[in-house]
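Each remark here refers to the structure printed beneath this line.
There are 2 protein chains.
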Amino acid sequence: MKKLTIIKIGGNVIDDERTLSQFLSSFAKIGGNKILVHGGGKIATQLSSQLGFETKMVDGRRITDAETLKVATMVYAGWINKSITAALNSKNCESIGLCGADLLLIPSEKRKKTNVDYGFVGEVLESKINTKFLELILTNNIVPVVAPITSDYTGQLLNTNADTIASALAVALSTLYEVKLIYSFEKDGVLNGEKVIGVINPSVYDLLKKEKIITDGMIPKLDNAFLSIRKGVKEVVITNSSQILNQNAGTRITN
Amino acid sequence: MKKLTIIKIGGNVIDDERTLSQFLSSFAKIGGNKILVHGGGKIATQLSSQLGFETKMVDGRRITDAETLKVATMVYAGWINKSITAALNSKNCESIGLCGADLLLIPSEKRKKTNVDYGFVGEVLESKINTKFLELILTNNIVPVVAPITSDYTGQLLNTNADTIASALAVALSTLYEVKLIYSFEKDGVLNGEKVIGVINPSVYDLLKKEKIITDGMIPKLDNAFLSIRKGVKEVVITNSSQILNQNAGTRITN
Chain A
1 MKKLTIIKIG GNVIDDERTL SQFLSSFAKI GGNKILVHGG GKIATQLSSQ
51 LGFETKMVDG RRITDAETLK VATMVYAGWI NKSITAALNS KNCESIGLCG
101 ADLLLIPSEK RKKTNVDYGF VGEVLESKIN TKFLELILTN NIVPVVAPIT
151 SDYTGQLLNT NADTIASALA VALSTLYEVK LIYSFEKDGV LNGEKVIGVI
201 NPSVYDLLKK EKIITDGMIP KLDNAFLSIR KGVKEVVITN SSQILNQNAG
251 TRITN
Chain B
256 MKKLTIIKIG GNVIDDERTL SQFLSSFAKI GGNKILVHGG GKIATQLSSQ
306 LGFETKMVDG RRITDAETLK VATMVYAGWI NKSITAALNS KNCESIGLCG
356 ADLLLIPSEK RKKTNVDYGF VGEVLESKIN TKFLELILTN NIVPVVAPIT
406 SDYTGQLLNT NADTIASALA VALSTLYEVK LIYSFEKDGV LNGEKVIGVI
456 NPSVYDLLKK EKIITDGMIP KLDNAFLSIR KGVKEVVITN SSQILNQNAG
506 TRITN
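Taken in order, these protein sequences are the chains called A and B. For the first sequence, position 19 (counting from the first letter as 1) is numbered 19 according to the numbering used here, and the numbering increases by one without interruption. Here the numbering used here runs 255 ahead of the position in the second sequence, where the first position is 1.
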């Protein structure tokens, strides 16, 4: 099976021009087939506030009303996506900027209302991912750069979690490739105090949660990572965006 | 030679939701390979003014400073491009939203300063167009939807005239396809008073210009059209966006 590296970069990396540029230089050097999934960062929130829109949050999640969706699409699928793609092309890394709506690459559906209506937020239909097109462009050594905007079958654009997109792509493509999924961000990995935890397996994970060493935002990331591995992804690594070429850096998630 | 239809829609069509939706339904019905190139419309100007940026114009051309470029990229390559692509996909027209920066599809260079510095404006390098990738996706019956943003070889994004992009794509692809280029907008064609002029050849064109029947914004459009035909494009038509399925509507440009 051919190898495929899928890397997700987080918002803090995107917000810092120099860190982003260094990351992209490293990314361009990764051998073989690869996909870059990027998040949003603060630019969308800043733009919304410049436009006088209030960002509504419930339980740490942004509520995506029609205006927020427009801003997210403009910033994620427009400015960030095309800036990254143009930069990669200038580094001899032949790239194409896409979002989940292109070719219905990542079909999704609007999150159902429960007690909270999150608005125009997409839930990825993992089994419907357009692996055929991804395989076509990967076979031609083209690198997809994927923005966290998707659409449903009616053409409604939906704001979608970038971590989820990265893991959904990893799972869907693990039928065709040996997939390594890297979550890269501003930290060195999953930390215990200041020390990077080298490997986390399910029993270590339970312990770390029990001892409150792993909390908050890291839990959904790790839950996602374990789920991806159970669904066929070969390897998941959580590491610093400056260390993606270092095979020994970061935290490795294993079964 | 296989046939290819390239359609450019203008800003006024994009600004009117109902007209745009009707256009997209017609576009989805066009048989064979096709490409859609879209302009910007008023949304970018509106967004700039909401953000408190002043739109600077010289000789009817917008000056693209860094902020204007960011807004143009967000609006054209983000919101408009992905909204159109998602809508086409929902109409069973398998589409991919791109700009000229993707895969250096349409390499360009920053317009040289003369007496006016137009800022981040791209001049298309027609001979460098990535026809290989376009052929790859057209062969797979995928429809490219192209936003008028390009980049140079250093990764600098550039705001680029959509009419020029449409004709440059038409010329570059005429080595591989029999290309029909349609400029569609809110008018019924090139008008003499209220009557559509059915055919314009070079000598008719000279006469119409001399009699001031053709003026202003239509001249660069027609110059572009004649140039495209001299460079190998089979047919150029200027017509109403609601009439693209009507073979007899609009104005035909011939040699």
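Quick reminder that beta carbons are idealized off the backbone N, C-alpha and C, glycines included. What you are looking at is a predicted structure, and each value in this text was computed from that prediction instead of being measured.
If you follow the beta strand (DSSP E) that residue i is part of, which residue opens it and which one closes it?
{"i": "GLY352 (chain B)", "result": "350-354"}
{"i": "PHE185 (chain A)", "result": "177-185"}
{"i": "THR509 (chain B)", "result": "From DSSP, THR509 (chain B) is part of no beta strand (DSSP E); its letter is neither H nor E."}
{"i": "ILE214 (chain A)", "result": "ILE214 (chain A) -> no beta strand (DSSP E), and no H or E assigned at all."}
{"i": "THR5 (chain A)", "result": "2-9"}
Could you give the residue range of the alpha helix (DSSP H) that holds residue i?
{"i": "VAL488 (chain B)", "result": "Where VAL488 (chain B) is concerned, there is no enclosing alpha helix (DSSP H), given that its DSSP letter is neither H nor E."}
{"i": "LYS210 (chain A)", "result": "202-210"}
{"i": "THR131 (chain A)", "result": "131-139"}
Looking at the strands, I want to know which residues DSSP matches up with residue i.
{"i": "ASN414 (chain B)", "result": "B:VAL376 and B:ILE404"}
{"i": "SER363 (chain B)", "result": "B:VAL379"}
{"i": "VAL454 (chain B)", "result": "B:ARG507"}
{"i": "ASN344 (chain B)", "result": "Per DSSP, none; premise fails for ASN344 (chain B)."}
{"i": "PRO399 (chain B)", "result": "B:ILE351"}
{"i": "THR239 (chain A)", "result": "A:SER184"}
{"i": "ASN192 (chain A)", "result": "A:LYS195"}
So residue i and residue j are supposed to be a Cβ contact under 8 Å. How far apart are they, rounded?
{"i": "ILE84 (chain A)", "j": "LEU24 (chain A)", "result": "7 Å"}
{"i": "GLY35 (chain A)", "j": "ILE6 (chain A)", "result": "As written in the sequence, residue 35 (chain A) is Ile, which differs from the Gly given in the question. So it is a contact: roughly 5 Å between Cβ atoms."}
{"i": "VAL236 (chain A)", "j": "LEU157 (chain A)", "result": "Actually they do not touch by this definition, with Cβ atoms about 29 Å apart."}
{"i": "GLY39 (chain A)", "j": "ALA162 (chain A)", "result": "4 Å"}
{"i": "SER151 (chain A)", "j": "ALA341 (chain B)", "result": "4 Å"}
{"i": "ILE229 (chain A)", "j": "ASN192 (chain A)", "result": "That belief does not hold up - the Cβ atoms of ILE229 (chain A) and ASN192 (chain A) are roughly 21 Å apart, past 8 Å."}
{"i": "VAL445 (chain B)", "j": "ILE420 (chain B)", "result": "That belief does not hold up - the Cβ atoms of VAL445 (chain B) and ILE420 (chain B) are roughly 21 Å apart, past 8 Å."}
{"i": "LEU259 (chain B)", "j": "LEU393 (chain B)", "result": "7 Å"}
{"i": "ALA480 (chain B)", "j": "ASN89 (chain A)", "result": "About 30 Å; that fails the 8 Å criterion."}
{"i": "THR73 (chain A)", "j": "GLY296 (chain B)", "result": "Incorrect: roughly 16 Å between the Cβ atoms, too far for contact."}
{"i": "SER496 (chain B)", "j": "VAL292 (chain B)", "result": "Not a contact, Cβ separation roughly 13 Å."}
CB of residue i to nearest heavy atom of the ligand ATP: below 6 Å?
{"i": "SER406 (chain B)", "result": "Looking at this structure, you won't find the ligand ATP or any other ligand, since it has none at all."}
- prompt: Counting only runs that start and end within the segment 268-339 of chain B, where is the beta strand (DSSP E) found for 3 or more residues in a row?
  reply: 288-293
field: Residues within the segment 332-343 of chain B neighbouring chain A, beta-carbon criterion of under 7 Å
entry: ALA332, GLY333, TRP334, LYS337, SER338, THR340, ALA341 and ALA342
Residues within the segment 90-121 of chain A neighbouring chain B, beta-carbon criterion of under 8 Å: SER90, LYS91, GLU94, SER95, ILE96, GLY97, LEU98, CYS99, ALA101, ASP102, LEU103 and LEU104
Near-chain A residues of the segment 451-465 of chain B (beta-carbon distance less than 8 Å), N- to C-terminal order: none
- prompt: Along the segment 386-406 of chain B, what residues have a CB closer than 7 Å to any CB found in chain A?
  reply: LEU391, ASN395, ILE397, ILE404 and SER406
- prompt: Listed in chain order, which residues of the segment 409-427 of chain B have Cβ atoms closer than 9 Å to some Cβ of chain A?
  reply: THR409, GLY410, GLN411 and LEU412
field: Contacting positions in the segment 174-190 of chain A - beta carbon closer than 9 Å to chain B
entry: none
- prompt: In chain order, what residues of the segment 25-52 of chain A put their CB closer than 9 Å to some CB of chain B?
  reply: LEU47, GLN50, LEU51 and GLY52
query: Taking a cut of 8 Å between CB atoms, which residues from the segment 3-24 of chain A lie near chain B?
result: none
- prompt: Using a Cβ cut-off of 7 Å, which residues of the segment 58-75 of chain A contact any Cβ in chain B, in chain order?
  reply: LYS70, THR73, MET74 and VAL75
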